[in-house]
Amino acid sequence: MESSLPSSFELARLQSERNALAAERDSLMKEREELAGRLSALAQDAARLGQDRDRHGAAFDEIVDLYNRLRASGAWPVVRLLRSVRRRVDRMGRIAAAEIARPREQIRPPAENEVAYASAFLQAKEAKGLFNAGWYGAQPLAASCRFIQEPLPVGLAPQARLKYERDSAHIAKKYPMLSDDWISYRLCNLEMIDRTLGAVAQPEFRKSAPNPSFSFVSFFQAKACFAQLARSIAQVAQDWSDDKVEWIILNNDPSTSDAELMALAPASIAQWTRIIGVKQKTGVSAGLNMALKAARHDWILPIDIQDLILPDALTILTHYIKTFDRCRFISAGAVDMDEDNGVLRYRRHEASANQIHRAGMIAGHLNAIRRDLFTDKGFFDERFDLSYDHEFALRIAKDENILLIPEYLHGYRWSRERRRAHKTAWQNVVTQHLTGMLPNRADVDRAKTPPVLDIDRARPIRTGATIVRSQGSRPDLFAETLASIEQQQFPVTPIVVAHGDGATYAKVRDLCARLGSKAVVLHAGEPGRLRGYPCNVGLDYIRAHADRFDFVSFLDDDDIYYPNFARRLADALQFARADLVYSQANRREPWREHEMGPELFPAACLVASNFITNSCFALRTEALLRSDVRFAENMEYLEDWDFLIALLRKGLRFAPLFETLSEFRIFSDGNTEQKKFPDLFETCHQICCDNGRKAAKDLGLPSFYESLLAFNFDRRPPLDDRSTERILSARALFEAEWLGATA
Numbered sequence: 001m002e003s004s005l006p007s008s009f010e011l012a013r014l015q016s017e018r019n020a021l022a023a024e025r026d027s028l029m030k031e032r033e034e035l036a037g038r039l040s041a042l043a044q045d046a047a048r049l050g051q052d053r054d055r056h057g058a059a060f061d062e063i064v065d066l067y068n069r070l071r072a073s074g075a076w077p078v079v080r081l082l083r084s085v086r087r088r089v090d091r092m093g094r095i096a097a098a099e100i101a102r103p104r105e106q107i108r109p110p111a112e113n114e115v116a117y118a119s120a121f122l123q124a125k126e127a128k129g130l131f132n133a134g135w136y137g138a139q140p141l142a143a144s145c146r147f148i149q150e151p152l153p154v155g156l157a158p159q160a161r162l163k164y165e166r167d168s169a170h171i172a173k174k175y176p177m178l179s180d181d182w183i184s185y186r187l188c189n190l191e192m193i194d195r196t197l198g199a200v201a202q203p204e205f206r207k208s209a210p211n212p213s214f215s216f217v218s219f220f221q222a223k224a225c226f227a228q229l230a231r232s233i234a235q236v237a238q239d240w241s242d243d244k245v246e247w248i249i250l251n252n253d254p255s256t257s258d259a260e261l262m263a264l265a266p267a268s269i270a271q272w273t274r275i276i277g278v279k280q281k282t283g284v285s286a287g288l289n290m291a292l293k294a295a296r297h298d299w300i301l302p303i304d305i306q307d308l309i310l311p312d313a314l315t316i317l318t319h320y321i322k323t324f325d326r327c328r329f330i331s332a333g334a335v336d337m338d339e340d341n342g343v344l345r346y347r348r349h350e351a352s353a354n355q356i357h358r359a360g361m362i363a364g365h366l367n368a369i370r371r372d373l374f375t376d377k378g379f380f381d382e383r384f385d386l387s388y389d390h391e392f393a394l395r396i397a398k399d400e401n402i403l404l405i406p407e408y409l410h411g412y413r414w415s416r417e418r419r420r421a422h423k424t425a426w427q428n429v430v431t432q433h434l435t436g437m438l439p440n441r442a443d444v445d446r447a448k449t450p451p452v453l454d455i456d457r458a459r460p461i462r463t464g465a466t467i468v469r470s471q472g473s474r475p476d477l478f479a480e481t482l483a484s485i486e487q488q489q490f491p492v493t494p495i496v497v498a499h500g501d502g503a504t505y506a507k508v509r510d511l512c513a514r515l516g517s518k519a520v521v522l523h524a525g526e527p528g529r530l531r532g533y534p535c536n537v538g539l540d541y542i543r544a545h546a547d548r549f550d551f552v553s554f555l556d557d558d559d560i561y562y563p564n565f566a567r568r569l570a571d572a573l574q575f576a577r578a579d580l581v582y583s584q585a586n587r588r589e590p591w592r593e594h595e596m597g598p599e600l601f602p603a604a605c606l607v608a609s610n611f612i613t614n615s616c617f618a619l620r621t622e623a624l625l626r627s628d629v630r631f632a633e634n635m636e637y638l639e640d641w642d643f644l645i646a647l648l649r650k651g652l653r654f655a656p657l658f659e660t661l662s663e664f665r666i667f668s669d670g671n672t673e674q675k676k677f678p679d680l681f682e683t684c685h686q687i688c689c690d691n692g693r694k695a696a697k698d699l700g701l702p703s704f705y706e707s708l709l710a711f712n713f714d715r716r717p718p719l720d721d722r723s724t725e726r727i728l729s730a731r732a733l734f735e736a737e738w739l740g741a742t743a
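If you're matching positions, the sequence shown starts at 1 in full-length UniProt numbering and goes up one per residue.
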C-alpha cells in the first residue's frame, strides 16, 4: 500500500508533463503553418515584383530608344523639346535604376511603385485634362470635340485614379469639413432628378459669334492674392487685342484706393481694366452684379480674387464656343491649389452636367457665361454669397444644357475658411432648387401648387389653451395633468371637456373645484359618441373665443406637460413662423422609469405613419380657424393622427422642436401595443392611410422634398433601417400620386 502511493503521484506528474508537451507541439505546428502561409505569400509578391521590375526596365529602354531616334531624325534643332524629353528620360532613369537596384523585400507595393515611376508623364497628361471627363448636359463629350486631340493614355489610368484618390484624401485631411454627410439629401430620389435634368433639350438659341470677346469680373475686398491674379490675367490676354478682353473690378475695400489697386496689377492691362468703387460695402453677389452690368463683351468670366487663371484659357474657350455655338454656359476644370500655389489635385468631373445637384461644385469657380443668359435668367442671387456661382448653374441646368470641358483653365486656392463654408452654402442652394428639378406631375389638369392659407404668422404668441378630455375616472392622474398645465411658465388655460352624462360632468366639475383649478369645464353630453367628439367640443370653444388664445394644444387626462412646454412651443411658433410645432415626448409604463417616445421625422412623413403624440404639439389658433379642420368622430383609434393629416393637407406649416417637453402614460387602450379591438384598429389605420394618400396628392411631391430638406437630422438619433424605411415609404407615396403610378 505504501509503495503504491509514490507511483500514483509519479503517474500524475508524467501525465501532466505529457499534456504540456502535446500543447507545445500543437502550438509549434500552428506557428509552422502560419509561417508557411506567409512564406508562400512572400514568394508570390517577389514573383510579381520581379515582373514589375522587368516591365519598368523595358519601358525605360523604350524611352531611351525613342530619345535616340528623335536625335537621329534630323529634328535636333528643336532644342527645347528634346531638352525637355532628355530631362524626363534622365529623371525616370534615376527612378527606375533606384527601384531595380533596391532589394526585393524592400520594394514598395506595385501600385505605388508604378505611380512613382510614371509620375513625370502622369502629371503632364493629367494637366492636359486627359483623365478628366467632359459633358454636354447628360452626354459625354466626344473625343473629336476636345481641344486637345491626344489619345487617352489607357495604361496610366489606374495609376492616375490612385493618385487622384490619394490627392483627394490629402485635401480632406488638410482642409477638414465638419461633415460631408447630408442625411436629408441622401433620402432624396436622386436618380429621378438625374433623369429629369438629363432629358432637358437644348433650346435653339442664336449662335455665338465665332470670334468671341471676354469680360473678366472680380470682387475685390482684400489685397492678398490680387497681384497674382492680375499677373495671370495679363499673361492670358497677352496675345489678344485690347478690344477683345477687359477686366471689371468691383472695389469693395474703402481702405484701398483705385490707384493703389491698379498699382498692384501689371501696367500692360491698365488700358482695359476698369475699377468700380462703392460708397458702402456690399455682398459678393451684389458687387459682381454691378460689375456684370458694366461689362461690354460677349462672354462673362467671373473669377475670384483668390484664384488664378491659367495660360491658353481664352484660346480653349474659343474652341468650345465655336464647337458648341448654341451653348450659353461653359464650366472649366479646376486645379486645386494650396495657399502657396502648390498643386493639390487636378479636380475631375466625377458626374455629368445633369448631376450638378449631387456633385457639388463641378460647375462653378470659373464659368464662361454668355451675356444674354443673364438677361433671360437674371443675375446672381444675392441670398447666396458663399455659393452664388453654383446657385446660378443649378438655375440654368433646369432649362438648358451646361457644357463641362475637361481642360483645366484656372487654379482654385483652398483655405480652411472656404472649406468650412462650402457645406452649408451647397445645402442652401440645393434646397432652393431641388424641388424645381422634379419631373412634371402626370395629372397636368390639377393645380401644381399645394393649398396656401392666408395666416399672419408674425402675430405675437401671448396666451394658449390646452384641451383635456376626461370622464373623471382617474382623479389622481387627472390632478397631475391639470397641475402640469397650470404650473407652466407661460399663460395657458385648461379647457376640460367632460365626456359623459350629467353625473360625469358634475363629477369632473367638482374635481376641478376641489383642486382649486381655474379650468374652463365644458360638457360633451353624448356618451355614445367616439373620441373625436369631445375634442371638437373643445375646438368649438376655442373658435368662439379665438381672441383669447393664440394657440391650442391637447392633453389626455393621464398625461403631463413638463414645466417649459408652453414657453418653448410658443417661442417656436413665433420665431419659426410655423402654424404647428411638434416636439419630442417621453412614454411611461406604470411603475417603470420613463423612456423616449416616438422619434421625430419630417412632417410630410405623416402621410404614411404617425410620430407626433397628442400631447406634444401646439397649433396656432388662426391656422385652426383658416383651415376649419375638425376631428373625425367615426374613429375609436388614431383620431389624433387623422387630425394631423387633415391639417397637413390644408397646407399648414409644420416645424419640429427637438426637445422633450411632455410625457404620455401607457394606461389607455390607445397607447398600448395590444388593442382590445384589433379589427377596429386596422379599420381606423386604413382610414388614416387613405387620407394620407389624398394629402400626398393634394400637396404634391415638391412639398415632400421641402419638408425633408428642411429637417435637421443631426438633431435626432441616427436613422436605423426601420426609420429610413418610414421616410422612404412616405416618399414613395408622394411619388406615386405625383407621377400617376399605382402606390
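Where a beta carbon is used, it is the ideal one built from N, C-alpha and C, also for glycine. Quantities reported herein were computed from a predicted structural model and do not represent experimental measurements.
Under 8 Å between C-beta atoms of Q489 and R567: One thing to note: Q489 has its Cβ within 8 Å of the Cβ of R567.
Applying the criterion that 16 or more other CB atoms from any shown protein chain within 10 Å of the CB defines a buried residue, is L409 buried or exposed? A residue is called buried once 16 or more other Cβ atoms fall within 10 Å of its Cβ, and L409 is buried on that count.
Grouping DSSP H, G and I as helix and E and B as strand, with all else coil, what is R413? The three-state secondary structure of R413, taken from DSSP, is strand.
Going along the chain, which residues of its own chain have a beta-carbon closer than 7 Å to the beta-carbon of R548, five neighbours each way excluded? T463.
Over what stretch of residues does the alpha helix (DSSP H) that includes T466 continue unbroken? From DSSP, T466 is part of no alpha helix (DSSP H) but of the beta strand (DSSP E) over G464 to S470.
Since I believe A263 is in contact with A230 (beta carbons under 8 Å), could you give me their beta-carbon distance rounded to a whole number of angstroms? Between A263 and A230 the Cβ distance is about 10 Å, and since that is not below 8 Å, they are no contact.
For S484 and L477, the rounded distance between their alpha carbons: Straight across, the Cα-Cα distance linking L477 with S484 is about 11 Å.
Rounded straight-line distance, which links the Cα of L162 to that of P302: Rounded to whole angstroms, P302 to L162 spans 32 Å at the Cα level.
Do you know offhand how far Y705's Cα is from C188's? In a straight line, the C-alpha of Y705 is about 7 Å away from that of C188.
Quick one: what's got a C-beta closer than 6 Å to L739's C-beta in the same chain, skipping five residues either side? Same-chain partners within the cutoff: A442.
Does the contact criterion of 3 or more C-beta pairs under 8 Å hold for the stretch 343 to 362 versus the stretch 121 to 139? Taking one beta carbon from each stretch, the stretch 343 to 362 and the stretch 121 to 139 have 3 or more pairs nearer than 8 Å; the two touch.
Look up D290 in the DSSP assignment and say whether it is helix, strand or coil. For the record, residue 290 in the displayed sequence is Met; it is not Asp. Three-state result, M290: helix.
Taking I356 as the reference, which of R383, R649 and W135 has the closest Cα? Comparing C-alpha distances from I356 to each of R383, R649 and W135 shows the shortest one belongs to W135.
To which residues of the same chain is D381 closer than 6 Å at the C-beta, ignoring the five residues directly before and after it? E391.
Should P494 be labelled buried (16 or more other beta-carbon atoms within 10 Å of its own) or exposed? By the 10 Å Cβ count, P494 comes out buried.
Among the candidates E150, I405 and S168, whose CA atom is the shortest distance from the CA of T318? Of the listed residues, the one whose Cα sits closest to T318 is I405.
Measure how close the beta-carbons of Q202 and N401 come, nearest whole angstrom, since I'm counting them as under 8 Å. Taking 8 Å as the upper bound for CB-CB distance, Q202 and N401 are in contact here, some 5 Å apart.
Limits of the unbroken beta strand (DSSP E) element including S331: For S331, the uninterrupted beta strand (DSSP E) segment begins and ends at F329 to M337.
Can you give, in chain order, each stretch of the beta strand (DSSP E) that sits fully within the stretch 560 to 611 and has at least 3 residues? The qualifying runs are 580 to 588.
Please state whether the Cβ-Cβ distance between P656 and F575 is less than 8 Å. The answer is no: Cβ separation not under 8 Å.
Whose C-beta lies closer than 7 Å to the C-beta of T621 among residues of the same chain, with five residues either side of it excluded? Excluding sequence neighbours, T621 sits near I542, A546, F549, D550, F551 and V552.
Is there at least one non-hydrogen atom of the ligand GTP closer than 7 Å to the beta-carbon of E599? Looking at this structure, you won't find the ligand GTP or any other ligand, since it has none at all.
Note down, in chain order, each residue of its chain lying with its Cβ closer than 8 Å to the Cβ of T196, except the 5 sequence neighbours on either side. Here T196 has M437, L438 and P439 as same chain residues with Cβ atoms under 8 Å from its own Cβ, once five neighbours each way along the sequence are excluded.
Endpoints, beta strand (DSSP E) assigned at E382: Boundaries for E382: no beta strand (DSSP E) harbours it, and the DSSP string shows neither H nor E there.
With three or more beta-carbon pairs closer than 8 Å as the criterion, would you say the stretch 243 to 257 touches the stretch 206 to 221? With a cut-off of 8 Å on Cβ pairs, the stretch 243 to 257 is in contact with the stretch 206 to 221, counting three or more such pairs.
Run of the alpha helix (DSSP H) containing A623, from where it starts to where it stops: DSSP places A623 inside the alpha helix (DSSP H), whose first and last residues are T621 to S627.
Check whether the stretch 526 to 538 touches the stretch 507 to 515, counting contact only when three or more Cβ pairs, one atom from each stretch, lie closer than 8 Å. The stretch 526 to 538 is not in contact with the stretch 507 to 515.
For the stretch 151 to 227, which segments carrying the alpha helix (DSSP H) assignment without a break, of at least 4 residues, lie completely within its bounds, in sequence order? Secondary structure remark: continuous alpha helix (DSSP H) runs of at least 4 residues inside the stretch 151 to 227, in chain order: 157 to 174, 183 to 186 and 190 to 198.
Mind checking T724: buried by the 16 CB within 10 Å criterion, or exposed? It is exposed - the Cβ of T724 has fewer than 16 other Cβ atoms within 10 Å.
In chain order, each alpha helix (DSSP H) run of at least 4 residues that lies wholly inside the stretch 678 to 725: If one requires a minimum length of 4 residues, the alpha helix (DSSP H) runs lying completely within the stretch 678 to 725 are 678 to 699 and 701 to 710, in chain order.
To the nearest angstrom, how far is it from the Cα of W240 to the Cα of W299? C-alpha separation (whole angstroms): 15 Å.
Thinking C-beta only, is D579 closer than 8 Å to I455? Closer than 8 Å, so yes.
Over what stretch of residues does the beta strand (DSSP E) that includes A655 continue unbroken? Run containing A655: F654 to R665, per the beta strand (DSSP E) assignment.
Residues in its own chain within less than 7 Å of C145 by CB, not counting five upstream and five downstream? Around C145: T323.
Which residue wins for smallest C-alpha separation from G342, given the options L373, I330 and D307? Here the closest residue by C-alpha is D307.
Can you tell me where the alpha helix (DSSP H) with E350 in it begins and where it stops? For E350, there is no enclosing alpha helix (DSSP H), as DSSP gives it neither H nor E.
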